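Input: a single structure, listed below in structure tokens.
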């Protein structure tokens, strides 16, 4: 089946990238790198909720689901293989449910979602007259590690399909520690298996496999380091566009085949405790300001990070 | 650096290549040799008309006539000029196109199976056949609507083909590909007389019935009919006069079917609130309980409270099939069911979840009767049924399921029994609770009736169908939206109702 071909390719991609990047990269999406033999553990908790969503382009509420809450806790680890090559592994545990009262009385779900493995490689790292420029490339792979049902929206833990991400990050930091960062990502998404043999996606589909649309995303960040680089503050815009897919039909449930577009803005603060070497905390908030077939999600999160050397 | 870029490009190309999507949108099968030709099929007992000869068509011209010879020449020219697109269409339609029209019906059901949402002031607007574009669009193709559409479609197709078979074996005009060796049949040779074209009967009948049921789709359906009729010619199976005669039968039988549909009581099924309230009050008087819609904002009327009054196909009096009353709320039997439901809800396993979802066939899908039509498709092809046998299978399958739905709806609104979320405090479900009373389960009654008819038609597969019907029934209990007695009594009810239809089938002359 095609899915198997995909898995082989994904594996091949991960291996080849690993071997071929003449082994000479904190999250797969920022510009921070750990040095070789350094590792970082991150524990992130976030809380999101929405009470409105876009059905196609129509923003609406729906008392059947009322307010949907989503809590996520994610342990993640990053390891510096080389000064310019980092590997990341993380998996979130997620719990979803509607608040009372709601008209649908649907049970929420909980469980581990997708395991993500990513490699980040810094291929440009250069001092300029008035600042510093760096560029990084990330290749990431994620896949569900539990048999959660993606076709149970809006409560499902995720879209239930493998994903390959190719990301390019470019950052410019001034000597006064202001920085601008841009990132563009191509997201290849595979199929998710529903538990029914028929579904409608602008026509009949006689299969349990649903095509999760591929997507492109872009991120623009402005930030500043303060207090001798112990406090980092940043504001970000994040946009995602599915490259295909159908719209949620009127007053009907969403499904993984939907064309999802997201425009989101956010704020983040990260603080490193100088007296305790390696310890940092992060807090963030973001919210979706416009979208298509997506919830108007508001997310607030906190995290704790700790760096250490795993080899001398 | 160059290596990495090159590598990335190659990898990206590989990924894009491997992400070519290949998901089936219809049931792909090859043309096959029919297991039988049923030369006496014209003598079978039809449903809507008295006999196959009731619809008349012109006597065909002789195959030696210049008119017919010209038709053959026209046919050969059309085949020579066939485009790639037309070739694909011929392959798609096959020589058992009832399967395709059934798929088109299922697609339209899934497209229109959307429950109207509330207006901003909390009221609800009902779909209106006099203003089909809405919003909300007409129809809301819920299970009672869906099975009725399928039943009329299949019954009309069956009667149309009985008539076609009568004339085929009266006139005995053989197919163009047997008359002229230079005409290559697109499908396997099946030696059935070609006048009138059975495919044309099916194309016209399907178009007329589906257009009446899904008025917004008139244009789409007309395009499908035109493509199908063209393919009958291009396949080498029919000349134009075969097709024209088939269309005459299709028109005639559609009129009979739609006349029955217009007066079967469906237009009153979605009762107004006053009637709905009095039905609920009667149940409360009689039993001391009443089902109440739990949605927000609350829907003022349940789904089709008077569907139980719709004219049945093979049951004289719906009350003959009404099941025993459900356990009283608070009785030991009821309390035991509360325990069972809580137990399933607290211990959802991968198996119970997948069964609940597999048979859910909820909003936006082809509904449970659609699921059983989908199942029938595969067996019809596997058993190499000819179009007449195929139409007969669907006709009895869908008549039995429509009767089952009517009987089930009679019980639902007669007993007006609450859903689990209404009476179990804080209860949560993994399936959506529908907008009608609980007892008995529609899935159980539809599925048992469907399975019984398929068991009659395909006796070697009977055990499989019955296992599936029971699984469909229990799936609603796993989903948390039905009591276990809704499912078990519903299964018995479905078997009971189906037996009326099977009895008719056993006496139609086809055995």
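Protein chains in written order, with this note's numbering: chain A, 750 to 1061; chain B, 157 to 667. Virtual Cβ for every residue (Gly too), placed ideally from N, Cα, C. Computed from a prediction, not measured in an experiment: that's the story for all the values here.
Neighbour flag for residue i against chain B, beta carbons, 7 Å
i	result
residue 820/A	no
residue 803/A	no
residue 773/A	At residue 773/A the pLDDT is 28, less than 50, meaning the model places this residue with poor confidence; the figure from the coordinates comes in the next sentence. So, not an interface residue.
residue 768/A	At residue 768/A, the pLDDT of 36 sits below 50, so the modelled position is not reliable; the number obtained from the coordinates is stated separately. False, the Cβ-Cβ gap to chain B never drops below 7 Å.
residue 717/A	Absent from the model: residue 717/A. The displayed extent of chain A is 750 to 1061, so no value can be given.
residue 844/A	no
residue 953/A	yes
residue 860/A	no
residue 1043/A	no
residue 1056/A	no
residue 916/A	no
residue 994/A	no
Cβ of residue i within 7 Å of any chain A Cβ
i	result
residue 250/B	no
residue 584/B	yes
residue 180/B	yes
residue 266/B	yes
residue 377/B	no
residue 486/B	no
residue 244/B	no
residue 306/B	no
Residue range of the beta strand (DSSP E) that includes residue i
i	result
residue 478/B	No beta strand (DSSP E) contains residue 478/B, which DSSP labels as neither H nor E.
residue 1038/A	1028-1041
residue 677/B	The requested residue 677/B does not occur in the structure, where chain B is confined to residues 157 to 667.
residue 1058/A	1047-1058
residue 929/A	927-938
residue 518/B	Residue 518/B -> no beta strand (DSSP E), and no H or E assigned at all.
residue 980/A	980-991
residue 336/B	From DSSP, residue 336/B is part of no beta strand (DSSP E); its letter is neither H nor E.
Own chain, CB closer than 6 Å to residue i, minus 5 neighbours either side, in chain order
i	result
residue 303/B	525, 557, 558, 561
residue 517/B	523, 524, 527
residue 843/A	821, 862, 906
residue 307/B	554, 555, 558
residue 857/A	845, 846, 904
residue 899/A	905, 908, 909, 941, 1005
residue 1049/A	796, 1034
residue 825/A	791, 839
residue 1018/A	982, 1032
Beta-bridge pairing of residue i - partner residues as DSSP gives them
i	result
residue 379/B	None; residue 379/B has no bridge partner.
residue 818/A	798/A, 846/A
residue 401/B	Residue 401/B pairs with nothing; no bridge assigned.
residue 287/B	None; residue 287/B has no bridge partner.
residue 548/B	None, per the DSSP bridge assignment.
residue 861/A	842/A
residue 871/A	885/A
residue 825/A	791/A, 839/A
residue 274/B	280/B
residue 457/B	Partner(s): none; residue 457/B has no beta bridge.
residue 1044/A	802/A
residue 893/A	863/A
residue 855/A	585/B
7 Å CB neighbourhood of residue i in its chain, flanking five on each side removed
i	result
residue 620/B	none
residue 449/B	455, 458, 591
residue 1003/A	902, 903, 997, 1042
residue 420/B	466, 467
Close-in-space but distant-in-sequence residues of the same chain around residue i (CB under 8 Å, 5 per side omitted)
i	result
residue 955/A	946, 947
residue 335/B	219, 228
residue 283/B	272, 290, 292, 293, 294, 295, 296
residue 1006/A	948, 950, 959, 960, 961, 962, 994, 995
residue 392/B	231, 235, 331, 332, 333, 339, 340, 341, 342
Opening and closing residue of the alpha helix (DSSP H) in which residue i lies
i	result
residue 974/A	Premise fails: residue 974/A lies in the beta strand (DSSP E), 964-975, not in any alpha helix (DSSP H).
residue 592/B	Residue 592/B -> no alpha helix (DSSP H), and no H or E assigned at all.
residue 426/B	Looking at the DSSP string, residue 426/B is not in any alpha helix (DSSP H), and its letter there is neither H nor E.
Contact test: residue i Cβ vs the ligand FAD heavy atom, cutoff 6 Å
i	result
residue 381/B	Absence of the ligand FAD is noted for the structure shown, with no ligands found whatsoever.
Using a Cβ-Cβ cut-off of less than 9 Å, list which residues of the region 501-517 of chain B approach chain A; keep chain order.
Cβ contacts with chain A: 501, 504, 506, 509, 510, 511, 512, 513, 514, 515, 516, 517.
The region 642-663 of chain B: which residues have C-beta closer than 9 Å to a C-beta of chain A, in chain order?
Cβ contacts with chain A come from no residue of the region 642-663 of chain B.
With 9 Å as the C-beta to C-beta threshold (strictly closer), list the residues of the region 450-472 of chain B near chain A in chain order.
Cβ contacts with chain A: 450, 451, 452, 453, 454.
Any residues in the region 936-947 of chain A with a beta carbon nearer than 9 Å to a beta carbon of chain B? Which ones, in chain order?
Cβ contacts with chain B: 937, 938, 939, 940, 943, 944, 945, 946, 947.
Using a Cβ-Cβ cutoff of 8 Å, what residues of the region 349-380 of chain B are near chain A? List them in chain order.
Listed in chain order, the positions of the region 349-380 of chain B with a beta carbon within less than 8 Å of a beta carbon of chain A would be empty, since no residue qualifies.
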